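First residue of the sequence shown: 0, per numbering that gives the first Met the number 0; consecutive thereafter.
Even for Gly, the Cβ is constructed at its ideal location relative to N, Cα and C.
Owing to the predicted nature of the structure, the values given are computational and were not obtained by experimental measurement.
Working notes, structure below.
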Amino acid sequence: MGNIDLHIHSIHSDDGEYTVESLIRQAEEAGLSVAAIADHDSVNACLERHRMNLKTSTRWIDAIEISCRHKGRDYHLLGYFIDPFDPRYEKLEENMRINEEAATQERLDLLASHFGFAFPMDALRHVAKGKLITGEVICEWLLENEENRKVEELRKYFPGGSRSDNPLVNFYWDYLSQGKIAYVEVDVPSMSESIRLVHETGGIAVLAHPGNNVKEDKAVLDELSSLGLDGIEAFSSYHGELQNAFYIAYAKKMNLLFTCGSDYHGKTKPKIKLGLTHCPCDAQAIVEMMERGRK
0 MGNIDLHIHS IHSDDGEYTV ESLIRQAEEA GLSVAAIADH DSVNACLERH
50 RMNLKTSTRW IDAIEISCRH KGRDYHLLGY FIDPFDPRYE KLEENMRINE
100 EAATQERLDL LASHFGFAFP MDALRHVAKG KLITGEVICE WLLENEENRK
150 VEELRKYFPG GSRSDNPLVN FYWDYLSQGK IAYVEVDVPS MSESIRLVHE
200 TGGIAVLAHP GNNVKEDKAV LDELSSLGLD GIEAFSSYHG ELQNAFYIAY
250 AKKMNLLFTC GSDYHGKTKP KIKLGLTHCP CDAQAIVEMM ERGRK
């Protein structure tokens, strides 16, 4: 386990499990010297941490993970050293929640049409506990009923199945992510707009886990870099050694900084552990590189 993790999610992400206070404690117990909670389209964890003003051995960097799009393709953009008190982040979260809630019923209808049974909104809201009804929530509801094990297509998400290592998020990726049967496009900011927001609030803009959707497509990386990216998340729990090496080499060639993050969520991604970034680099060296990259 490394001593730096710059991609952590709290309960302020709809798919995050742990409170900010719990994550601060976990980071100390894991021996992290530097960490960042980068919630989906929300800076509430940063604001909460500032209000708590706890003494901690871990250095915490203000961060966010923004859902954005470029030329019809969905991406996640990490912003570090941002000003979480800027009101534009509150507006971003409000807009995202409105748009996601508006798409919920259409997603459920698409799933119902595919599987041949209803996905009741009331039951799903009970599982969601006041949060958005995400793909992870839908899978959690499905797994609560052992009868669903009889559905051949769902069997792989139950214990022992081929997709049971991270069943909740695997269900999301298999059915609700871009290009899948229950994907519903929602209005999100463009990559350019997101980069501009991060820069205007004092931060650096980093492409999140490129191994998830960009792979080693140099043409796409070149185009995204030309929009004003400062760096890429070269080390990720999703990347293998060859991908790590590819992104490091690309970052050096393009004069981009690189970061590392586990994408730790808790129960929605149980296989991913806090600090699991596969990054061999010294935490201080990474932070200094990031600080030099600030506009």
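- Put simply, the backbone Cα of Ser224 is about 10 Å away from that of Ala204.
- In the DSSP assignment, Cys67 is bridged to Tyr74.
- Nearest in C-alpha terms to Lys70, of all of Ile247, Pro269, Glu222, Thr267, is Glu222.
- Counted as a single uninterrupted DSSP element, the alpha helix (DSSP H) harbouring Thr103 occupies residues 86-114.
- Note: Ile36 is bridge-paired with Ile7 in the DSSP secondary-structure output.
- With contacts defined as CB atoms closer than 8 Å, Tyr263 and Asp4 qualify as a contacting pair.
- Per DSSP, reduced to three states, the secondary structure at Glu232 is strand.
- Judged by their CB atoms, Val197 and Gly78 are nearer to each other than the 8 Å cut-off.
- Ile285: not part of any beta strand (DSSP E); member of the alpha helix (DSSP H) spanning 282-291, first to last residue.
- Residue environment for Asp164: exposed (fewer than 16 other C-beta atoms within 10 angstroms of its C-beta).
- Per DSSP, the beta bridge partners of Ser189 are Arg68.
- Of the candidates Gly30, Thr57, Ala26, Ser9, the residue whose Cα lies closest to the Cα of His39 is Ser9.
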